[in-house]
Amino acid sequence: MPSSTRPHLLLIYAGHAGGRTHAMVEWVKQGVADAGEDVELRALPALEAGVDDLLWAHGLLIGTPEHFGYMAGAIKDFFDRTFYPVQGRVDALPYAIFVSAGNDGTGAVTSIERIALGYRWKQCAEPLIVKGEPSDTDRQRCAELGQTLAAGLALGVL
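Position 137 of the sequence shown, counted from 1, bears residue number 137 in the UniProt record's numbering, the numbering being contiguous throughout.
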């Protein structure tokens with residue numbers, strides 16, 4: 001992982017502009033900003049993120065809609081493109097997942113967690129699953145996820 005005095009947090013996401021996942025991404029980003037920590041956030045659609053972005057990161061947030069009980073194809077594509085080039089170079093990278101679910105979201109979470117095991121990442125927060133239309137409570141939970149990762153990276157506890 002890169003050496004720097006300022007922690008780097010990568011947020012990759014999938015979903016349609018204006019959709020529920022996109023709203024969750026914005027709330028997570030606001031939580032990172034509201035944490036008041038000196039953390040550099042790089043938020044990218046999964047189809048635009050690549051090896052260099054992953055090697056840059058000290059922490060990772062993954063946001064996806066649930067598609068047919070699975071993660072979005074764009075997230076899977078990111079994993080497919082980055083796994084072998086970064087193998088052994090991103091071990092113990094702290095990560096967290098948030099899912100916009102139409103069903104129960106567990107299939108998307110389980111599939112990401114399995115792949116994360118191959119990368120040897122460490123999950124640093126419980127997966128956040130929002131079923132259906134997000135509520136004000138869900139908005140707060142998203143912001144707290146962003147705040148938690150930003151603060152954890154800044155304090156060096158993640």
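Glycine residues also receive a C-beta, built at the ideal position from the N, C-alpha and C atoms.
Quick one: what's got a C-beta closer than 7 Å to residue i's C-beta in the same chain, skipping five residues either side?
i: residue 86; result: 51, 54, 55
i: residue 115; result: 79
i: residue 71; result: 64, 108, 111, 112
i: residue 148; result: 125
Express the C-alpha separation of residue j and residue i in angstroms, rounding to a whole number.
i: residue 98; j: residue 63; result: 5 Å
i: residue 26; j: residue 142; result: 9 Å
i: residue 91; j: residue 57; result: 12 Å
i: residue 66; j: residue 156; result: 32 Å
i: residue 104; j: residue 24; result: 16 Å
i: residue 59; j: residue 131; result: 25 Å
i: residue 159; j: residue 19; result: Since the displayed the chain opens at 1 and closes at 158, residue 159 lies outside it and no answer follows.
i: residue 68; j: residue 82; result: 23 Å
i: residue 177; j: residue 135; result: Outside the displayed range of the chain (1 to 158) lies residue 177, so it cannot be described from this structure.
i: residue 117; j: residue 5; result: 27 Å
i: residue 9; j: residue 34; result: 14 Å
i: residue 39; j: residue 158; result: 13 Å
Apart from the five residues on each side of it in sequence, which residues of its chain come closer than 8 Å, Cβ to Cβ, to residue i?
i: residue 109; result: 97, 99, 127, 129
i: residue 28; result: 11, 61, 63, 98, 142, 143, 145, 146
i: residue 77; result: 46, 47
Just to confirm my understanding: we take residue i, look at its own chain, exclude 5 residues before and 5 after, and list those with CB closer than 6 Å. What are they?
i: residue 75; result: 14, 46, 64
i: residue 32; result: 41, 146, 150
i: residue 37; result: 150, 151, 154
i: residue 30; result: 143
i: residue 122; result: 92, 94
Should residue i go down as buried or exposed, given a rule of 16 or more other Cβ atoms within 10 Å for buried?
i: residue 150; result: buried
i: residue 138; result: buried
i: residue 140; result: exposed
i: residue 102; result: exposed
i: residue 95; result: buried
i: residue 93; result: buried
i: residue 84; result: exposed
i: residue 120; result: exposed
i: residue 21; result: buried
Determine whether the Cβ of residue i lies closer than 8 Å to any Cβ atom of chain B.
i: residue 127; result: No chain B appears in this structure, which consists of one protein chain only.
Give the list of continuous beta strand (DSSP E) stretches no shorter than 3 residues that lie fully inside the stretch 57 to 98. 59 to 65
Please list the segments of the beta strand (DSSP E) lying wholly inside the stretch 20 to 61, counting only runs of 3 or more residues, in order along the chain. 40 to 45
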